[in-house]
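Taking it in order: structure first as structure tokens, then the write-up.
There are 2 protein chains.
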Amino acid sequence: MSDPPGLRERKKIRTRNALIDASLRLFDEKGFDETTIAEIAAAVDVSPRTFFSYFTSKEDVVFYDNEARVAEALDVIASRRPGETAIDLLARAARHTVDRDFHGPERSPESAARRERLIESVPALQARALRLLFDTQRRVARALYEACPGELDPVEAAAAVGALVGAARLAAMTSHDSGASWEETRAAAQRAIDITISGLASLRSREDEPG
Amino acid sequence: MSDPPGLRERKKIRTRNALIDASLRLFDEKGFDETTIAEIAAAVDVSPRTFFSYFTSKEDVVFYDNEARVAEALDVIASRRPGETAIDLLARAARHTVDRDFHGPERSPESAARRERLIESVPALQARALRLLFDTQRRVARALYEACPGELDPVEAAAAVGALVGAARLAAMTSHDSGASWEETRAAAQRAIDITISGLASLRSREDEPG
DNA sequence: ATGCAAAATTGCAATGGATGAAGATATATC
DNA sequence: GATATATCTTCATCCATTGCAATTTTGCAT
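Sequence lines, in order, name chains A and B. Under our numbering, the first residue of the first sequence carries the number 1, and numbering increases by one thereafter. Under our numbering, the first residue of the second sequence carries the number 1001, and numbering increases by one thereafter.
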């Protein structure tokens, strides 16, 4: 899987990165809708057709690192610690992801904020972002369910993940909408997570009772 | 606003309904992607261009009744009963919406299920659905905040709404994914709502303590 | 080195959604 | 009726996206 990558692989990665860089730069300079595939391809000196062998759509470029993010979250879920409850595990994954999103290694906070603004301003990107968010939640819910055999049923896992992500996301949106800073928004998301985790945790005692 | 609607208004409504009916019928018969705007327009005997003066995109037709649904939910929020807590109010709105979605008056359960299947099978429609869902949540969160002055701050309202909707939605998706029936899915959504409401309600006691 | 198979890239053409503009037509208002 | 206005049609255009066939590049084995 991680042998010395051959020339073919290296070239592919280089092209992919070049497409990402050119795309994000152009989106930032001219706007998303105003940037054509032809321009992106020209900037990287490949055929426009080639763009679509790397990304399924213009929107996809913006979320180039999504898969890596999800993989990290799933890793956390998979690394359940002894004695850790399902909710605690979920909370840890949430914390990890928030930290990664706001202090992540990938790119500067400026570029992250720029991307947020871009997504915010383009309906097609908002739609894609939400789609990815839901796909992610499904995968996390399934992973959580599988990491905690006998402790949760699939619907409970889904409810927990959905509640947590839903709360964090809408809280962040609301905070952001009201003009809050990057840090304040992060804090709002964190608070929403804490609230939801407490709520979910307080339910566990009820689980054993007859219903 | 509700004067005797003139001929112009009536014709507009008639055209709009005809476009909706023809669209849904064709989507069902041939599939979404396989149906072109030209065909829809031809079926209603209007110019293709006219379609876009009624709907901003092909996807929009499928969600023709969304605005009415949201309006109902907001009505419930606005009709807070004496002594009703914010969370109880939210729970009531959620119950109302679930009932409406599953036993609603609009169209038959079959057509509702058909629509679900359609949305499920077309990525573009899923994306639009999620987009609308989030817009709705924002509006509901704001309404809830305004209906309960002093009881919640905006971030808490957002967290509550986000948690509730997120839990219900992902639970329903998960249930549906596993091949559950319409009724079972409804039950799963209801259970997720109950779980989340209990969790949120149990937090209220903590609110007054110093933090 | 050389040949061959697989993978990647390219050019080309076609589809179809979406938008803009100008003119024709129908409806409302007086 | 006459005029203002909303609506619809026609026509032109842009561009994302896809399929296909031809061509080039790489991996690998001789």
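By construction, the Cβ of each residue, glycine as well, lies at the ideal position given by its N, Cα and C atoms.
Check: Please state the DSSP three-state secondary structure of A:S198.; Outcome: helix
Check: Could you name the residues of the same chain whose beta carbon sits closer than 6 Å to that of B:A1129, not counting the 5 residues immediately before and after it, in chain order?; Outcome: I1119
Check: CA-CA distance, B:P1048 and B:R1025?; Outcome: 17 Å
Check: Is there a Cβ from chain B that is less than 9 Å from the Cβ of A:E156?; Outcome: yes
Check: How many angstroms separate the CA atom of B:P1154 from the CA atom of A:A201?; Outcome: 23 Å
Check: Just by C-beta distance, which residues in the stretch 1149-1173 of chain B are closer than 9 Å to chain A?; Outcome: P1154, V1155, E1156, A1157, A1158, A1159, A1160, V1161, G1162, A1163, L1164, V1165, G1166, A1167, A1168, R1169, L1170, A1171, A1172, M1173
Check: Beta-carbon within less than 7 Å of A:Q190's beta-carbon, same chain only, minus the 5 sequence neighbours each way: which residues are those?; Outcome: V98
Check: In whole angstroms, what is the alpha-carbon distance linking A:R16 and A:Y54?; Outcome: 7 Å
Check: Taking beta-carbon pairs under 7 Å, can you tell me which members of the stretch 1135-1146 of chain B lie near chain A?; Outcome: Q1137, R1138, A1141
Check: Residue ranges of each alpha helix (DSSP H) run of no fewer than 4 residues wholly in the stretch 1086-1143 of chain B, ordered along the chain?; Outcome: 1086-1103, 1109-1121
Check: A:G6 by DSSP, collapsed to three states: which one?; Outcome: coil
Check: Nearest-angstrom Cα distance between A:P82 and A:D88?; Outcome: 11 Å
Check: For a contact meaning CB atoms closer than 8 Å, what does B:A1217 contact in chain A?; Outcome: Because chain B here runs from 1001 to 1211, residue 1217 of chain B falls outside it and cannot be looked at.
Check: Is the Cβ of A:S23 closer than 9 Å to any Cβ of chain B?; Outcome: no
Check: Listing by chain order, which chain B residues have their CB less than 7 Å from the CB of A:T85?; Outcome: Result: empty, since nearest Cβ-Cβ is about 14 Å, beyond 7 Å.
Check: Taking only three categories from DSSP, how would you classify A:D45?; Outcome: coil
Check: Tell me which residues of the stretch 99-129 of chain A have at least one Cβ-Cβ distance to chain B shorter than 8 Å, keeping chain order.; Outcome: P123, Q126, A127, R128
Check: Between the C-alpha atoms of B:E1039 and B:F1063, what's the straight-line distance to the nearest angstrom?; Outcome: 19 Å
Check: Run through chain A and tell me which residues come within less than 7 Å of B:R1186, C-beta to C-beta.; Outcome: Chain A residues near B:R1186: none, gap ~12 Å exceeds 7 Å.
Check: On the DSSP letters alone, give me the boundaries of the alpha helix (DSSP H) that A:D177 sits inside.; Outcome: 154-177
Check: Go through its chain and collect everything with a Cβ distance to A:A86's Cβ below 7 Å, but skip five positions before and after it.; Outcome: L144, C148, E151, L152
Check: Thinking A:A159 and B:G1162 are a contact (beta carbons under 8 Å), I'd like their distance in whole angstroms, please.; Outcome: About 13 Å separates the two Cβ atoms, so there is no contact after all.
Check: Determine the direct distance from the alpha carbon of A:R139 to that of B:D1135, and round the result to whole angstroms.; Outcome: 24 Å
Check: Return yes when at least one heavy atom of the ligand SAM lies under 8 Å from the C-beta of A:F51, else no.; Outcome: The model depicted lacks the ligand SAM and carries no ligand whatsoever.
Check: Quick one: give me the first and last residue of the alpha helix (DSSP H) that B:E1072 is part of.; Outcome: 1066-1078
Check: Beta-carbon within less than 7 Å of A:A41's beta-carbon, same chain only, minus the 5 sequence neighbours each way: which residues are those?; Outcome: S47, P48, T50, F51
Check: Since A:R131 meets chain B, which of its residues come closer than 8 Å, beta carbon to beta carbon?; Outcome: P1123, Q1126, A1127, L1130
Check: What is the DSSP secondary structure of A:P39, counted as helix, strand or coil?; Outcome: Inspection of the sequence shows that residue 39 of chain A is occupied by Glu rather than by Pro. Helix, per DSSP.
Check: Just checking: is the beta-carbon of A:R95 within a distance shorter than 9 Å of some beta-carbon in chain B?; Outcome: no
Check: Quick one: does B:E1068 have its CB under 9 Å from some CB of chain A?; Outcome: First, the amino acid is wrong: residue 1068 of chain B is Ala here, not Glu. Chain A contact via Cβ: absent.
Check: Is there a Cβ from chain B that is less than 9 Å from the Cβ of A:D177?; Outcome: yes
Check: Just the C-alpha distance for B:I1037 and B:K1058, rounded to the nearest angstrom, thanks.; Outcome: 7 Å
Check: If you drop the 5 nearest sequence neighbours on each side, which residues of the same chain put their C-beta closer than 8 Å to that of B:D1028?; Outcome: R1114, L1118
Check: Looking only at its own chain, which residues have a Cβ that is under 8 Å from the Cβ of A:V44, when we skip the five neighbours before and after it?; Outcome: T15, A18, L19, A22
Check: By the criterion of Cβ-Cβ separation under 9 Å, what are the contact partners of A:I202 in chain B?; Outcome: The sequence given here places Ser at residue 202 of chain A; Ile does not occur at that position. The contacting residues are S1198, G1199, S1202, L1203.
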